[in-house]
Amino acid sequence: MPVTIATSIDEACASLAAHPDALVLAGGTDLMVEVNRGVRTIGHVVAVDRIPELRGWSLEGDRADVLRLGAGTTCTDLAEPALASLVPALAQAARTVGSPQIRNTATLGGNLATASPAGDTLPVLAALDAEIELQSAGGARRLPLDEFVTGVKANALIPGELITVIRVPVLEGPQEFLKVGTRNAMVIAVTSLALVVDRPGRNVRIALGSVAPVPLRAVEAEVLVAERLDFENMASPDSDLVDRFADLVADAARPIDDHRSSAAYRRHAVRVLARRAILRAFPGSAPVPA
Amino acid sequence: MTVVETGARTSVGPRIGENAPRPDGVPKVTGGFAFSSDLHHDRMLWGATLRSPHPAARIGGLDTSPALAIDGVHAVLTHEDVPGSPTFGLEHCDQPVLAGDVVRYEGEPVAVVAADHPDTARRALAAIVVDWQPTEPLVDPALAETADPIHPDGNVIRRIHLRHGDQSAADRDDLVSVEGTYEVGMQDQAFLGPESGMAVPDDDGGVDLYVATQWLHVDRDQVAACLDLPHEKVRLTLAGVGGAFGAREDLSLHVHLCLLALRTGRPVKMSYGREESFHGHVHRHPARMWYRHHATTDGDLVRVEAHLLLDGGAYASSSSAVIANATCFAAGPYMVPSVEIEGVVVRTDNPPCGAMRGFGAVQTCFAHEAQMDRLAAALNMDPVALRLRNALEPGDRLATGQVIAGTLPVAEVIRACAGHPSAALGSDEPMARPGGAGRTADAQHVVRGEAVAVGFKNLMFSEGFDDSSAARCVLHHGVATITCACAEVGQGFVTLARQIAGEVLGVDEVVLAPVETTSIGSAGSTSASRQTWMSGGAVQLACETVRRELLAAVSATHGVSIDDLVLVDGRIVSLAGDLDLSLEELTVERVEAEVVHRHAPTSPLDGDGQGDAHVSFAVSAHRAIVDVDPDLGLVKVVELTTAQDVGRVLHPLQALGQLEGGAAQGVGLAVMEEVQVTNGRIRNASFTDYLIPTALDMPPLEVAALIEQPEPGAPFGAKGIGEPPSISSTAAVAAAVRDATGLALPRVPIRPSDICLGDNALTAEVIA
Numbered sequence: 001m002p003v004t005i006a007t008s009i010d011e012a013c014a015s016l017a018a019h020p021d022a023l024v025l026a027g028g029t030d031l032m033v034e035v036n037r038g039v040r041t042i043g044h045v046v047a048v049d050r051i052p053e054l055r056g057w058s059l060e061g062d063r064a065d066v067l068r069l070g071a072g073t074t075c076t077d078l079a080e081p082a083l084a085s086l087v088p089a090l091a092q093a094a095r096t097v098g099s100p101q102i103r104n105t106a107t108l109g110g111n112l113a114t115a116s117p118a119g120d121t122l123p124v125l126a127a128l129d130a131e132i133e134l135q136s137a138g139g140a141r142r143l144p145l146d147e148f149v150t151g152v153k154a155n156a157l158i159p160g161e162l163i164t165v166i167r168v169p170v171l172e173g174p175q176e177f178l179k180v181g182t183r184n185a186m187v188i189a190v191t192s193l194a195l196v197v198d199r200p201g202r203n204v205r206i207a208l209g210s211v212a213p214v215p216l217r218a219v220e221a222e223v224l225v226a227e228r229l230d231f232e233n234m235a236s237p238d239s240d241l242v243d244r245f246a247d248l249v250a251d252a253a254r255p256i257d258d259h260r261s262s263a264a265y266r267r268h269a270v271r272v273l274a275r276r277a278i279l280r281a282f283p284g285s286a287p288v289p290a
Numbered sequence: 001m002t003v004v005e006t007g008a009r010t011s012v013g014p015r016i017g018e019n020a021p022r023p024d025g026v027p028k029v030t031g032g033f034a035f036s037s038d039l040h041h042d043r044m045l046w047g048a049t050l051r052s053p054h055p056a057a058r059i060g061g062l063d064t065s066p067a068l069a070i071d072g073v074h075a076v077l078t079h080e081d082v083p084g085s086p087t088f089g090l091e092h093c094d095q096p097v098l099a100g101d102v103v104r105y106e107g108e109p110v111a112v113v114a115a116d117h118p119d120t121a122r123r124a125l126a127a128i129v130v131d132w133q134p135t136e137p138l139v140d141p142a143l144a145e146t147a148d149p150i151h152p153d154g155n156v157i158r159r160i161h162l163r164h165g166d167q168s169a170a171d172r173d174d175l176v177s178v179e180g181t182y183e184v185g186m187q188d189q190a191f192l193g194p195e196s197g198m199a200v201p202d203d204d205g206g207v208d209l210y211v212a213t214q215w216l217h218v219d220r221d222q223v224a225a226c227l228d229l230p231h232e233k234v235r236l237t238l239a240g241v242g243g244a245f246g247a248r249e250d251l252s253l254h255v256h257l258c259l260l261a262l263r264t265g266r267p268v269k270m271s272y273g274r275e276e277s278f279h280g281h282v283h284r285h286p287a288r289m290w291y292r293h294h295a296t297t298d299g300d301l302v303r304v305e306a307h308l309l310l311d312g313g314a315y316a317s318s319s320s321a322v323i324a325n326a327t328c329f330a331a332g333p334y335m336v337p338s339v340e341i342e343g344v345v346v347r348t349d350n351p352p353c354g355a356m357r358g359f360g361a362v363q364t365c366f367a368h369e370a371q372m373d374r375l376a377a378a379l380n381m382d383p384v385a386l387r388l389r390n391a392l393e394p395g396d397r398l399a400t401g402q403v404i405a406g407t408l409p410v411a412e413v414i415r416a417c418a419g420h421p422s423a424a425l426g427s428d429e430p431m432a433r434p435g436g437a438g439r440t441a442d443a444q445h446v447v448r449g450e451a452v453a454v455g456f457k458n459l460m461f462s463e464g465f466d467d468s469s470a471a472r473c474v475l476h477h478g479v480a481t482i483t484c485a486c487a488e489v490g491q492g493f494v495t496l497a498r499q500i501a502g503e504v505l506g507v508d509e510v511v512l513a514p515v516e517t518t519s520i521g522s523a524g525s526t527s528a529s530r531q532t533w534m535s536g537g538a539v540q541l542a543c544e545t546v547r548r549e550l551l552a553a554v555s556a557t558h559g560v561s562i563d564d565l566v567l568v569d570g571r572i573v574s575l576a577g578d579l580d581l582s583l584e585e586l587t588v589e590r591v592e593a594e595v596v597h598r599h600a601p602t603s604p605l606d607g608d609g610q611g612d613a614h615v616s617f618a619v620s621a622h623r624a625i626v627d628v629d630p631d632l633g634l635v636k637v638v639e640l641t642t643a644q645d646v647g648r649v650l651h652p653l654q655a656l657g658q659l660e661g662g663a664a665q666g667v668g669l670a671v672m673e674e675v676q677v678t679n680g681r682i683r684n685a686s687f688t689d690y691l692i693p694t695a696l697d698m699p700p701l702e703v704a705a706l707i708e709q710p711e712p713g714a715p716f717g718a719k720g721i722g723e724p725p726s727i728s729s730t731a732a733v734a735a736a737v738r739d740a741t742g743l744a745l746p747r748v749p750i751r752p753s754d755i756c757l758g759d760n761a762l763t764a765e766v767i768a
């Protein structure tokens, strides 16, 4: 089994160009499970876990309001306080991934490459309108998240391409990520929900995981609350608005029955999570039913 | 017994009651321990198994030639290559080594291959051509009795109709009656080390099998029968065991490995993957149980009626004994004058079920404890008071008519557990709330519940089984060598045997000989909470025999009465102080003894399920405090407290380990662990989807009390302690969730949707 241990993006891309069917190995937390189960056979491997350029993060833009995350950023990195303060929902999503050992090696780029409907970071990236940068020997291109994730474990990567950078806006406003599983840790999401608030932009963006082949935005719910929420005081919405919001979020879900849950429970849970998320983000003094 | 004040002990050897270090402890946590999957031989081939993709099918034909044609494939074997008995089984010899013309469950082995590489073996499996003719699987156990038989032995594996006391005792109109139907899902033992082993052929037509198992000799007997070899030509050696919990009582890859090794003349290794392992061993029986309890308005139990239906899956395994336990202990550790239990275990095309920690008593404990809570509510009585009022005591009769001759501190464990102060705090930390790391609940979304449950079961095999364990003790140059075929599966016998030998002989150094079948007779199974009693007892007896022989020799040589001699710290000394001899010098010539230890005999159950069928009993209680998020149906077990009847603690740390581990498995069954089977197919054969508790799910276990009432007949008075922790824990957690939510929750594991959407709300229909 030939393995290229790349130490630069260029080297990785050159190797991928030479072996278009090669498997890219970063943290290996998804890949090696498939290999060990015998459902994926390995030909050429390009290991990208020793490429310094893929690690680390920086702020870009005139107002330093775009966060540039290397695709090799691990879940543990994402939960570090300095980074967590910039994208709290992404940090919280990363904290729910697997065990500490898994989080130490699992990467943001890997979560995108696997593109599982249950990928924990994907709803947050969807809510943030993340932009994914892909590089190959022939150059680079950028795709918005909703064009990158194309289906169940399917994405827009073409042979020879490597995920290098994920860009998300640094927003002013609270962020929430809630995940339901039938175990209190180390569990695949039965459903998850990310909610981010852009106070200056006076909008709320909400995305759902594990209730469709791809992460879903609850657009109608977003439109509803953008017009009605008090972004000045972050006052709690009245119960009627919370109910309508939660119903619209639940309506956006397209869940299925499987061995992890029934579709009915998933839709129910999405509604509960939506209520809780909006009330956490808008905790103001107005009376709120629990 | 002579008591001698010897002051502070000067020796360093292991003794009873101490936390002697486990010889395999450090290697296990540092990665140096050789598990069965680490077996290696330079010339070895890799074995692999072709399994049925269908829960039920006829096999129209099977062509192995494309597989044999692959370079590197050394053998492809089918049922036609089994020279001896085509079937095996623990109690009924009904399970094919390799399926012939029909398969009865998804994953049933059909062919085995040996190849030079695991990938080659996998390719060979894919190349075997099978003419599958799928048939409609029988998957509903309720239909099994009336359906066409799916096996020549029929669909009812065993039926027990237990009747005890006056059967018309409840024909009065002044009783309070409660009725309910309960279900328990299929739990997996979830050991960490999947099935693996290696067979090495000898030059003489025999074979050595290195395998992780719970009972070497009964494996050997079954393997030899299938190979049509005399016992002495099949030699088993215990390979490093990565957990068992009942899942290694049945044969898995044993015969396959030997067939391949004998055919190829090469050592053959096989290791199941995790998914294959879920298909490769038996699980805990799913159960559907109808109950009706009758009591006086004062809360005295008058009569318990129940119908128990266990799904045995495709083959019998130990189902006959499991249904006996479920039936015998169906009423719980309570004094019930009138009992009628019908227990049935049936055959279906579902995965085979058999032994798992708790062995039938887990299922019925969940049901009888739910009934006791329901009865307490109907009586407007405190549920703990109701249990105490009806608690069994020594001298009472069980539902089988057997009088409890030994110890059984039912009331003591209930009182200790229920009365233990709780340290449970509020849920200030978000991760500590239901939903855990998913941070789904805020404090105002959480309700708390609390409940106590109690359960009991038999120790050791029952119903007249001739149970024994053999052990040999050799004392040579002051070093004791113990030979016993007791399978160490994690329970700690390797420590206990050394402690017992050290205690009896007063020696520092105790060596355990390799565990295999040629050097000693059977030790029986490492199951049924029996090895401390049976093999510990055998070691004790062997060592005491050696001790007696030594003391007799010294007595004769030195003219000192044997009663005036003691064996302590590697020396034999006289009480008068005029004699002090070194054991090392006294045993320049080896002194040895070999014994077979038996417990008191038991009897079969008669036609009414009556008889002195059991040796001894142990009881435990758990109190669970849970937080529940009713809107999402998520549960956090906040605190778990236990009290257990242990006879005597031989090793405090290992005792705690048994109590913690068993309780964790009980928590798992209560809120998450289930092999999900739909139309005969397992849907979650992985640890991604078969969930077991993590550190965020299992709270620290509070031990309220270890009740030490020495059990007559047991070594040092010690009862087996492995199973009770898994019995009452599930019932307690489920009851606490009921207390928090006010829901009936008649099924475990409790699913989130059972709480927030009312799923699985079984009606109390009579299923008799």
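Chains as they are written, first to last, in our numbering: chain A, 1 to 290; chain B, 1 to 768. Ideal Cβ placement from N, Cα and C applies to all residues, glycine included.
Would you decide whether residue i is buried or exposed? Buried here means 16 or more other CB atoms lie within 10 Å of its CB.
i, result
"isoleucine 562 of chain B", "exposed"
"leucine 50 of chain B", "buried"
"proline 699 of chain B", "buried"
"serine 15 of chain A", "buried"
"methionine 356 of chain B", "buried"
"alanine 82 of chain A", "exposed"
"proline 351 of chain B", "buried"
"arginine 205 of chain A", "buried"
"proline 2 of chain A", "exposed"
Classify residue i as helix, strand or coil using the three-state DSSP reduction.
i, result
"aspartate 311 of chain B", "strand"
"isoleucine 625 of chain B", "strand"
"phenylalanine 493 of chain B", "helix"
"tryptophan 215 of chain B", "coil"
"leucine 650 of chain B", "coil"
"valine 446 of chain B", "coil"
"threonine 237 of chain B", "strand"
"cysteine 93 of chain B", "coil"
"phenylalanine 148 of chain A", "helix"
"cysteine 783 of chain B", "Because chain B spans 1 through 768 in this model, residue 783 of chain B falls outside it and cannot be assessed."
Between the alpha carbons of residue i and residue j, how many angstroms are there, rounded?
i, j, result
"leucine 69 of chain A", "arginine 123 of chain B", "42 Å"
"alanine 253 of chain A", "isoleucine 727 of chain B", "40 Å"
"valine 29 of chain B", "aspartate 148 of chain B", "51 Å"
"proline 169 of chain A", "alanine 130 of chain A", "8 Å"
"arginine 172 of chain B", "alanine 189 of chain A", "54 Å"
"glycine 661 of chain B", "arginine 271 of chain A", "37 Å"
"threonine 114 of chain A", "lysine 153 of chain A", "6 Å"
"leucine 229 of chain A", "glutamate 222 of chain A", "10 Å"
Are residue i and residue j touching if we call contact CB-CB under 7 Å?
i, j, result
"alanine 376 of chain B", "leucine 392 of chain B", "no"
"glutamate 183 of chain B", "glutamine 214 of chain B", "no"
"alanine 593 of chain B", "threonine 545 of chain B", "yes"
"valine 346 of chain B", "arginine 158 of chain B", "no"
Name, going along the chain, the residues of the region 257–268 of chain A whose beta-carbon falls closer than 9 Å to a beta-carbon of chain B.
-> Asp258, His259, Arg260, Ser261, Ser262, Ala264, Tyr265 and His268
At a Cβ cut of 7 Å, what residues of the region 166–190 of chain A count as close to chain B, listed as they run along the chain?
-> Leu178, Lys179, Val180, Gly181, Thr182, Arg183, Asn184, Ala185, Met186, Val187 and Ile188
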